[in-house]
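Worksheet: the structure to be examined is printed underneath.
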Amino acid sequence: MLPQVNKIIDKIRQLPLVKKHPNLKEMAKYSLVGNLANIIDFGLYIYLTRAFFFWRQHYLIANLFTMLIASTVRFTFHKHWTFRDTSQRIRRQYGKFILVMILGLGIDEAALFISVEYLNFYDLLGKIVSMVVGTFIIYYLTKKWVFNNK
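Residue numbers -19 to 130, in this note's numbering, belong to the letters of the sequence shown in order.
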């Protein structure tokens, strides 16, 4: 399976658009990691809020918990794969990353709360909306502030 994936990746690297805009590769990796983390976040959220009455009643706490787990996955993959950061400042970077995630959590919680309580969205739709809203801000801050080696 891995040789087939490598062939596909090599073909993507040879596309004129990718050659012309090398940041597209990084953005694609960021997107893949983000989507993986979002699947983990969303899947755990669904499981907790549908399988346990406590979490259903406390959906904002469930959201906090699932976001923390997904954020750890994000940091690990972004450091080692997306941004290929080799610095040994892991504690400092993780501290910055957590601050970015806290900001993202604030945005996510506010968007989820507003979607559910004021716009009367179904909570799963509100969760999707909140994930989309925070993604762009978190990408920019992660790239420029957390893993910026300059």
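Ideal Cβ placement from N, Cα and C applies to all residues, glycine included.
message = Using C-beta distances below 7 Å, list every residue in its chain close to Pro(-17), excluding the 5 sequence neighbours before and after it, in chain order.
response = none
task = Taking Leu44 as the reference, give the member of Lys59, Leu28, Thr56, Phe57 with the closest Cα.
result = Leu28
message = List, from N- to C-terminal side, the beta strand (DSSP E) runs of 3 residues or more that fit wholly inside the segment 27 to 64.
response = none
Same chain, Cβ closer than 6 Å to Gly106, five either side skipped, listed in chain order = Leu92, Ser95, Val96
request  = Compare the beta carbon distance of Val80 and Leu48 with 9 Å and say whether it is the shorter of the two.
outcome  = no
request  = Give every residue of the same chain whose Cβ lies closer than 7 Å to the Cβ of Thr62, excluding the five residues on either side of it in the sequence, and list them in chain order.
outcome  = Glu6, Lys9, Tyr10, Val13
Span of the alpha helix (DSSP H), counted from its first residue to its last, around Lys0 = -4 to 0
query = From which residue to which residue does the alpha helix (DSSP H) around Leu89 run?
reply = According to the sequence shown, residue 89 is Glu rather than Leu. First-last of the alpha helix (DSSP H) with Glu89: 70 to 93.
query = How long is the line joining the alpha carbons of Phe22 and Thr46, rounded to whole angstroms?
reply = 8 Å
task = Assess, as a yes-or-no matter, whether the segment 67 to 85 is touched by the segment 106 to 120 under the definition of 3 or more beta carbon pairs within less than 8 Å.
result = yes
message = Distance check for Arg(-7) and Phe77, CA to CA, integer angstroms please.
response = 29 Å
inquiry  = Which of the three DSSP states is assigned to Ser110 in this structure?
reply    = helix
query = For Leu4, does the three-state DSSP call read helix, strand or coil?
reply = helix
task = Specify the secondary structure class of Gly99 as computed by DSSP and reduced to three states.
result = According to the sequence as given, residue 99 is Leu; it is not Gly. The answer is coil: DSSP assigns Leu99 none of H, G, I, E or B.
task = Report back the beta-carbon spacing between Asn18 and Ala42 to the nearest angstrom; my notes put them in contact at under 8 Å.
result = With 8 Å as the limit, Asn18 and Ala42 do not qualify as a contact, their Cβ atoms being about 15 Å apart.
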